[in-house]
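Enquirer: Take 45 as the starting number for the sequence shown in the working numbering and just add one per residue. Just so you know, even glycine gets a beta-carbon here, dropped at the ideal spot from N, CA and C.
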Amino acid sequence: MHKKGNPMKLFELSNFIPSIPKNLVITDIEELYKRPNAFDDSGEWDWWYFSTKVDNELQDFLQPYFNYPVEVYYQLSGRQLTPHIDQGRTFCYNYTLLSGGPDVKTRWYDDNMENIIYEITAPISTWHRLQVDVPHDISEIESHRLSLTIQAATK
Ligand SMILES: [Fe+2]
45 MHKKGNPMKL
55 FELSNFIPSI
65 PKNLVITDIE
75 ELYKRPNAFD
85 DSGEWDWWYF
95 STKVDNELQD
105 FLQPYFNYPV
115 EVYYQLSGRQ
125 LTPHIDQGRT
135 FCYNYTLLSG
145 GPDVKTRWYD
155 DNMENIIYEI
165 TAPISTWHRL
175 QVDVPHDISE
185 IESHRLSLTI
195 QAATK
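(1) So for H46, helix, strand or coil by DSSP?
(2) I'd like to confirm the pairing. Which residues does DSSP put opposite I194 in its beta bridges?
(3) Alpha carbon to alpha carbon, what distance is there between N100 and E186?
(4) Any chance you could list the residues with Cβ under 6 Å from a heavy atom of ligand 1, keeping chain order?
(5) Which residue marks the beginning of the alpha helix (DSSP H) containing Y77, and which one marks its end?
(6) Classify P179: buried if its beta carbon has 16 or more other beta carbons within 10 angstroms, exposed otherwise.
(7) Can you check the segment 139-197 for any beta strand (DSSP E) of at least 3 residues that lies completely inside it and give the ranges in chain order?
(8) Judging by CA-CA distance, which residue of V176, I168, S183, N67 is the nearest neighbour of R123?
(9) In angstroms with no decimal places, state the Cα-to-Cα distance between I160 and L174.
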């Protein structure tokens, strides 16, 4: 069990996962928005959270670094996130492709979502592990924020 408020458990770099070759990722926002939204198929063009599975080639590139089945998604934010706890996962590994601004922070909150207990600007193109069963959000973005996210497969 992690201790709430322990920064090492809320965020840590994950050097065991390699950098992604550029030819394996899509960073064209319009291209991604054409794909099905795994999170919420609301039909809006500029979701606060849009998530879609990566192509098999990238999935197959990443799976060997885990000893359990994983699912890999693009996640895209076009609007401000509010503090939340993720559904269906307690932690994930993220890799920022487009930061959304020069100093966008990932922030964690206490249980009443009022006080920030830890914040960090995740380095771009660097795998890191995030605890997401503790309330968290990102600071204000000025453009789309795009990342890869790896989580345990649900089936
Ligand atoms: Fe989240």
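Expert: Let me spell this out:
(1) Low per-residue confidence applies at H46: pLDDT is 46, beneath 50, and the placement is therefore not dependable, though the value from the model is reported in the following sentence. The DSSP-derived three-state label of H46 is coil.
(2) V116, Y137
(3) 31 Å
(4) H128, D130, V176, H180
(5) 73-77
(6) With a 10 Å radius around the Cβ and a threshold of 16 neighbouring Cβ atoms, P179 comes out buried.
(7) 150-153, 160-164, 172-175, 180-182, 189-196
(8) S183
(9) Cα-Cα distance, rounded: 15 Å.
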